[in-house]
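**Student:**
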Amino acid sequence: MRLPEEFEEKMKKLLKEEFPEYMECYDKPRFYGLRVNTAKISVEEFKKICPFSIRPVPWIENGFYYDGETVVPAKHPYYYAGLYYLQEPSAMTPASRIPIEPGDKVLDVCAAPGGKATELGARLLREGVLVANDLSSSRAKGLLKNIEVFGIGNVLVLSEEPGKLLRYFPEYFDKILIDAPCSGEGMFRKDKRMVKAWEEHGPEFFSNIQRNLILQAAQMLKPGGMLLYSTCTFDSRENEQVIEHLIDVYPEFQIVPMEGYEKFAPGRPELTVSGREELSDTVRIFPHRMEGEGHYLALLKKSKVQGEGEGTLAKSSGKAEVPRELKEFLEDVRTSFEPGRMDVRGERVYYMPEELPYVRGIRFLRTGLLLGEVKKNRFEPSQAFAMYLKKEEYKKTIDMSAEDERIFRYLKGETLEVSDLAGSSEKGWYLVCVDSFPLGWGKLADGTLKNKYLPGWRLCG
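Residue 10 is where the sequence shown starts when you use this note's numbering, and the numbers rise one by one after that.
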């Protein structure tokens, strides 16, 4: 593989005697990974039912390698059930190293396509709120789908300039993740197109963007909150020097050592102006040291400055009354929804996260969990609602094995004959499951299931 001469010279200086070994990694194949959705299934249970060979990613509790040359996990029904997300192994690291607790208010600043956001949301366990933002509206649409497949309902999906978010979320978040846009040097082996992109826009271009992003995010973090900054590049201008810039401007931020791994490399203080020794507690991931692509991570905590407040937020006003049709549908749902968190907008009904600020005037793709729509005196539940529920949380279910050919026909949008299946005698809405994991809705009458799987999600081919 041909690499830019300027890049090679920089890596020689950075790696010294390790440089030849680093160059050898370009002759080796990339690694394929998947991350288990622990909000839907435990790691141990997933290992028992996984239909193809996997081996653990040693520094990620719920991460596994698979052979991307021989298997296609994205075509299996378990993928459509949201049991796992396909993700490069090193890219799993940032979300695994920020300590999310249920109930936290969490911001993913540059969230598309959703690899980090889905892990953050899964670890919230339906409590608190995940604000997932991406400036690109087209990329944010893919982000929304991945979040809904994972069954995450306590979410706001936005497509905004991070600077604009600051007006609505001053010192609001407990945890913030910035997987910053970068020059992509760590991904050259995985995607050769990144080399051309690097030649067009290198580290100097991105470092200015990154410095602005981290300062904006800093102002949205509560005192006592934690921020994780990451890139997939090697250049110190995008890594240690960005962290140095943050601490220079906001000295209340302190670098926190994160959970280690023997093959992580320390940050490089000597590549900054200040030479702060604590920068060695940040982490570099090199592809010649471990089975993953290149990354950089820094975990920081914001201390409380004398006299500093925690900001005040205007709360949203009261919600509309819950429609009768929805109340009737919820009689078959075995998990509670607080009426005060329902938000009715036209025909659509949303279930909102708790303690939100008043956020009119920014570009939303989703606010809360879309429960469904009220149409002509009936309620039609959404695809997102199906993915949010667990099998035991809905009264009427149709459960098929992953080996049942009807599962694939369901995912393609076909009508099914299901009179042979247990529990399929009463007409009405059914939660369709594969091996007890929900996939979507169907409407049953006389043993025939009318397919309600969302058309835009259907399996092709």
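Just so it is clear, CB atoms sit at the ideal spot from N, CA and C, and this is done for glycine as well.
1. Run the CB neighbour count on P29, radius 10 Å, all protein chains shown included, and call it buried at 16 or more, exposed below.
2. Taking 9 Å as the threshold (C-beta atoms), are Y403 and G377 in contact?
3. Please report the straight-line C-alpha distance between P86 and F417, rounded to a whole angstrom.
4. On a CA-only basis, which of Y88, G77, L139 and A90 is nearest A104? Give me that one, please.
5. Identify the residues that DSSP records as bridge partners of N460: which are they?
6. Do L152 and A141 have their beta-carbon atoms positioned less than 9 Å apart in this structure?
7. Thinking C-alpha only, which one of V45, R293 and V353 is nearest G130?
8. Cα-Cα, which of E208, V52, G370 and R132 is closest to Y177?
9. Within the continuous beta strand (DSSP E) that includes P103, where are the two ends?
10. I'd like the list of long-range same chain contacts for E194, defined as Cβ closer than 6 Å, with 5 residues on each side in sequence excluded.
11. What residues in its chain sit with their C-beta under 8 Å from that of K150, if we drop five residues either side in the sequence?
12. Measuring CB to CB, does P171 end up less than 9 Å from L144?
13. Whose C-alpha, out of I161, S146, D113 and L165, is nearest the C-alpha of K399?
14. Exposed or buried, which one is K205 when buried takes at least 16 other CB atoms within 10 Å?
15. Look at the alpha carbon of M10 and the alpha carbon of D36, and state the distance between them as a whole number of angstroms.
16. Quick check on the DSSP output: the beta strand (DSSP E) that includes Y439 runs from which residue to which?
17. Can you give me the C-alpha to C-alpha distance between Y75 and Q96, rounded to a whole angstrom?
18. For I407, name the three-state secondary structure that DSSP assigns.
19. Do you know how far the Cα of E337 is from the Cα of Y89?
20. Can you check the segment 16-95 for any beta strand (DSSP E) of at least 3 residues that lies completely inside it and give the ranges in chain order?
21. Taking the beta carbon of N217 as the centre, do at least 16 other beta carbons fall within 10 Å, making it buried, or is it exposed?
22. Confirm, please, whether the CB-CB distance from K231 to F8 is below 9 Å.
23. Going by Cα to Cα distance, which pick from L309, Y93 and V158 is closest to T47?
24. Using a Cβ-Cβ cut-off of 6 Å (strictly less than) and excluding sequence neighbours within five positions of L458, which residues of its own chain qualify?
25. Once the 5 residues before and after M101 are set aside, which same chain residues still bring their CB inside 6 Å of it?
26. Nearest-angstrom Cα distance between G91 and W207?
27. Quick one: measure Cβ to Cβ for G234 and K313, integer angstroms, because I've assumed they're closer than 8 Å.
28. Check the C-beta distance from S146 over to S168 and give it rounded, since I have them as a contact under 8 Å.
29. Going by other Cβ atoms of all chains shown within 10 Å of its Cβ, with 16 needed for buried, is Y238 buried or exposed?
30. Unbroken beta strand (DSSP E) runs of length 3 or more, entirely within the segment 317-389: which are they?
31. With burial defined as no fewer than 16 other Cβ atoms inside 10 Å of the residue's Cβ, what is the status of G123: buried or exposed?
32. Suppose you measure from the CA of G422 to the CA of R132; what does that come to, to the nearest Å?
**Tutor:** Answer, in terms of the structure:
1. exposed
2. no
3. 7 Å
4. L139
5. G451
6. yes
7. V45
8. G370
9. Here P103 belongs to no beta strand (DSSP E); instead the alpha helix (DSSP H) covers T102 to R106.
10. T242 and F243
11. L374
12. yes
13. I161
14. exposed
15. 8 Å
16. G437 to V443
17. 11 Å
18. strand
19. 28 Å
20. 41-45, 63-65, 72-75 and 93-95
21. exposed
22. Here the chain comprises residues numbered 10 to 470, so residue 8 is not present and cannot be evaluated.
23. Y93
24. L425, V427 and G451
25. R44, I69 and G72
26. 34 Å
27. At roughly 10 Å, the Cβ-Cβ gap does not stay under 8 Å, so G234 and K313 are not in contact.
28. 4 Å
29. buried
30. 351-354, 357-360, 373-376 and 378-384
31. buried
32. 31 Å
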